[in-house]
Every structure is written in C-alpha cells, then in structure tokens.
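As structure tokens, the structure follows; a few thoughts come after it.
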Amino acid sequence: MHSKGVKLPVMKIILFLIIVIALAGCAAVEKDKALEFMPPDAPIQKISITAKRFEFTPEMLQIKQGVHVILEIESLDVTHGFKIEHYGINITIPEKRRVAVEFYARKPGTYPFQCSHFCGAGHFGMKGKIIVE
Ligand SMILES: [Cu+2]
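Numbers -1 to 131, taken from the numbering used here, label the letters of the sequence shown in order.
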C-alpha cells in the first residue's frame, strides 16, 4: 500500500508533463486564420500588388500590427496564385484580373507569401514577405 501511495503522484506528474508538452507543440504551429480575432474597429489598409512572371510588386510589405489588411492583387499577364501560409490564404488570380484577399495582422512577425499557381520557369522564385511590426 505504501508503494502505491508514492507511485500515484509520480503518474500524475508524468501525465501533467505530457499534456504540457502536447499543448506547447500546438502553440508552436499556431496560425492565424485570415480575419479571426479581428476587432470591429481595426483600421483598414488597402495595398495594391501586381503579379507578373516572375515577381510580385512590391515584394515586401510592411504593416502595422492590428491592421485589417486588404490586398488587391492584379495579374498583368498569365494566371498566378497567391498564398500566405500563415493566414491560411491561397487563391488564384486569373490572367489580367484583379482579386482581393484580406487578413488581420494580429501578431508581429515575418510571413512569406508566394505564387501558388505554376506560371513558368521562374515560378518557384516568385515570392515575397509581409512584415508585421
Ligand atoms: Cu507561379
């Protein structure tokens, strides 16, 4: 009976540690979903971006934390894609068309974006980044 009384707290501690480690693992891969957690009074910032083989212009966007960002992306030539992994955004921009995506810049950080629709030889180098500060 005595040994059982000692083991039980140990088991509880091990279980607790497993839960803590599991939660920490989830936090490490936490992503923002586009407009999740956006307060209704978040200031809006519209930014125009052009896409053409094989670059986005501008390729670096600096955004203040807490802003509701609306990106208007226009393809000047062929069909491109626009993907921001962090915000769960991935859309197609048909040739010579303009498409808007929006997200809430909740946390500071550097979030890469890229073309997600194969557009030719330089496709995999067609990328940029969003810096939220
Ligand atoms: Cu592409």
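From the three backbone atoms N, C-alpha and C, an ideal C-beta is built for every residue, glycine too.
Can you tell which of Arg95, Leu69, Ser73 has its C-alpha closest to the C-alpha of tyrosine 85?
Leu69
Give the single residue among Val99, Glu131, Ile42 whose Cα lies nearest to the Cα of alanine 32.
Val99
Please check the pair phenylalanine 35 and methionine 124, which I expect to be a contact at CB under 8 Å, by giving their CB distance rounded to whole angstroms.
About 30 Å separates the two Cβ atoms, so there is no contact after all.
Check whether the Cβ atoms of glutamate 114 and phenylalanine 80 sit closer than 8 Å, and answer yes or no.
First, the amino acid is wrong: residue 114 is serine here, not glutamate. Closer than 8 Å, so yes.
Contacts around aspartate 30, its chain only, beta-carbon distance under 8 Å, and the 5 residues preceding and following it disregarded
His84, Tyr85, Gly86, Phe101, Tyr102, Arg104, Lys105
Hey, would you say the C-beta of histidine 84 is under 7 Å away from at least one heavy atom of ligand 1?
no
With a threshold of 7 Å (Cβ to nearest heavy atom), would phenylalanine 80 be considered close to ligand 1?
no
Of all the options Lys50, His66, Asn88, which has the alpha carbon lying nearest to the alpha carbon of valine 76?
Lys50
Would you say the beta carbon of phenylalanine 54 comes nearer than 7 Å to a heavy atom of ligand 1?
no
Considering only the alpha carbon of each residue, which of Phe52, Glu72, Pro41 lies closest to glycine 126?
Phe52
May I have a chain-ordered list of the beta strand (DSSP E) segments no shorter than 3 residues that lie completely inside the region 52 to 121?
53 to 55, 58 to 61, 66 to 73, 78 to 82, 87 to 91, 96 to 102, 107 to 112
What is the DSSP secondary structure of lysine 44, counted as helix, strand or coil?
strand
Ignore the nearest five residues each way along the sequence and tell me which others in asparagine 88's own chain have a CB closer than 6 Å to its CB.
Lys81, Ser114
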